[in-house]
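Residue numbers (our numbering): -3 to 470.
Built from N, CA and C at the ideal position, the CB exists for glycine as well.
Below is one structure, written out as structure tokens, with a few remarks after it.
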Ligand SMILES: [Zn+2]
């Protein structure tokens, strides 16, 4: 063996590939890495991971790579490998092409977020962006996105009005024909439109997700086949002993645009929480196929606008001034009354308890941040969401699964994403410490692999520096 590097690899795929040497880097190889299984929490030290053409093609304890190859080999001794993270509730096409593509997308990648579910951007913009990302022209995460919002009221470029069942069916048809991934519904969808959406979506074989509308109960939404519920919408009311009565009062208040009355009812909803009713509901949800994306980090951010430390958040340097204007704490504080803020704080705390109880009952969860809403930082806040899930009773493994294994399962893309295993897309995050010891270790990023391309810590820092420069310019 006149070789400079000897590593054993017991993999037929690699052995077959040996017959045809090519120019250019052929494989990206990590040696001595500890692989964390997001399937079962297994920890496998000293693994060699081989990546070719954007896929994980080999993983073995010992292997062989001959010297004739033009390989990139990274000794990842002491590092922990997890699959790329998914943020299952984002708005990545909301502000401007520059902010989106040169700020939000690098922030995702620098934070190890290699997939996002966009919950409300312009689908045309997202569709063309997906093509550019998939072809390697634009660096960004894999994009899954819905059609325009389906909502009551008036249509606009972002929204299709669904004020009656006919409009609702047509809207589902439009979303399906456009090739968008799912139907997204908002809170003010009328009752009969909602059931028309559910029926048409089932007929057209497209999923519908979003808020549980005011006029619908969580039970009804789950029974109608809503595939995910965002922000725990409808749950506090569904757990109230006076659910039906309070719902009709809420609908009246909303119809009269009496938001003070609506907010007061919210307090009553929380005060009439019925433990045994809640337990029965959670069991029913756990037995169905409706997933929860609680976006706790978003609820917490909304409830903390009086926190004076907001202005000194070091991540603000990545937020363009145009957006920072929208995030102005003074302006945000003026937009809510002290009573509203107090109720937001109670609700935020109750949501943590709710997630705990629902999770204990076996309800399925995914991690989502709802960035870039105020103080929900794209990329960074997904890690905060994982920490909130742990604060809500998840083990670190369960929290990690909420951003890896579960999204892959939910999207029926388990053959591509969600685990660091042979045959999967090479979206990987290398960490300096074990995330199963402490979920905050997902922030200690040593490197990120996106579709087989490696970004070292230095490359990620450069990416962040460029975002900071750009954000400062605007
Ligand atoms: Zn959202």
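Among the options, which one has its Cα closest to the Cα of residue i?
i: residue 391; options: 434, 424, 298; result: 434
i: residue 159; options: 185, 344, 229; result: 185
i: residue 239; options: 252, 215, 144; result: 215
i: residue 210; options: 182, 23, 42; result: 182
i: residue 42; options: 242, 58, 397; result: 58
i: residue 245; options: 235, 253, 261; result: 261
i: residue 162; options: 424, 174, 180, 189; result: 189
i: residue 318; options: 204, 29, 94; result: 94
i: residue 82; options: 437, 399, 129; result: 399
i: residue 366; options: 227, 333, 110; result: 227
i: residue 199; options: 156, 277, 109, 165; result: 165
i: residue 270; options: 232, 418, 252, 96; result: 232
i: residue 466; options: 103, 343, 305; result: 103
i: residue 311; options: 431, 275, 403, 468; result: 468
i: residue 389; options: 418, 376, 349, 380; result: 349
i: residue 437; options: 96, 379, 280; result: 379
i: residue 54; options: 26, 153, 428, 268; result: 26
i: residue 278; options: 353, 364, 268; result: 353
i: residue 133; options: 376, 98, 179, 66; result: 98
i: residue 201; options: 213, 187, 178, 212; result: 178
i: residue 344; options: 155, 152, 153, 266; result: 266
i: residue 475; options: 418, 384, 273, 176; result: This structure cannot speak to residue 475, because the chain is shown only from -3 to 470.
i: residue 116; options: 328, 236, 237, 180; result: 180
i: residue 119; options: 175, 408, 364; result: 175
i: residue 408; options: 152, 23, 285; result: 285
What do you reckon, is the C-beta of residue i under 7 Å from a heavy atom of ligand 1?
i: residue 477; result: An answer regarding residue 477 cannot be provided, because it is not within the stretch -3 to 470 covered by the chain.
i: residue 115; result: yes
i: residue 85; result: yes
What distance in whole Å lies between the Cβ atoms of residue j and residue i, which are believed to be in contact at a cut-off of 8 Å?
i: residue 395; j: residue 405; result: Between residue 405 and residue 395 the Cβ distance is about 15 Å, and since that is not below 8 Å, they are no contact.
i: residue 146; j: residue 167; result: 5 Å
i: residue 422; j: residue 447; result: 6 Å
i: residue 47; j: residue 445; result: 7 Å
i: residue 85; j: residue 113; result: 6 Å
i: residue 393; j: residue 111; result: No, residue 393 and residue 111 are not in contact; Cβ-Cβ is about 19 Å, not under 8 Å.
i: residue 229; j: residue 205; result: The Cβ separation is near 11 Å, so there is no contact.
i: residue 420; j: residue 100; result: Rounded, the Cβ-Cβ distance is 25 Å, inconsistent with contact.
i: residue 128; j: residue 139; result: The pair is not a contact, with the Cβ atoms about 10 Å apart (cut-off 8 Å).
i: residue 290; j: residue 351; result: 5 Å
i: residue 39; j: residue 32; result: 6 Å
i: residue 242; j: residue 264; result: 6 Å
i: residue 441; j: residue 74; result: Incorrect: roughly 14 Å between the Cβ atoms, too far for contact.
i: residue 224; j: residue 287; result: 4 Å
i: residue 34; j: residue 414; result: 6 Å
i: residue 187; j: residue 212; result: 6 Å
i: residue 237; j: residue 268; result: 5 Å
Would you say residue i faces chain D, with C-beta separation under 8 Å as the test?
i: residue 68; result: The chain labelled as chain D is not found in the depicted structure, where only one protein chain is given.
Do residue i and ligand 2 come close, with the Cβ less than 7 Å from some heavy atom?
i: residue 48; result: You won't find ligand 2 in this model; what it holds is ligand 1.
With contact counted as at least three CB pairs below 8 Å, one residue from each stretch, are the region 68 to 83 and the region 459 to 469 in contact?
In this structure the region 68 to 83 does not touch the region 459 to 469; the number of beta carbon pairs closer than 8 Å is below three.
Under 8 Å, with one C-beta from each stretch per pair, do the region 181 to 200 and the region 218 to 227 reach the 3-pair mark?
Short answer: they touch.
Do the region 351 to 358 and the region 72 to 88 touch if we need at least three Cβ pairs shorter than 8 Å?
The region 351 to 358 makes no contact with the region 72 to 88: fewer than 3 CB pairs, one atom from each, lie closer than 8 Å.
Answer yes if the region 326 to 346 comes into contact with the region 259 to 273, meaning at least three C-beta pairs across the two stretches below 8 Å, and no otherwise.
The region 259 to 273 makes contact with the region 326 to 346, as at least three CB pairs between them are under 8 Å.
Would the region 289 to 297 and the region 369 to 385 be scored as touching if the rule is three or more Cβ pairs under 8 Å?
The region 289 to 297, when compared against the region 369 to 385, does touch it at the 8 Å Cβ threshold.
Would the region 133 to 149 and the region 169 to 179 be scored as touching if the rule is three or more Cβ pairs under 8 Å?
Taking 8 Å as the limit for Cβ pairs, the verdict is that the region 169 to 179 does touch the region 133 to 149.
Count the C-beta pairs between the region 298 to 316 and the region 326 to 334 that are closer than 8 Å, then say yes if the count reaches three, no if not.
Cβ pair count under 8 Å is three or more, so yes.
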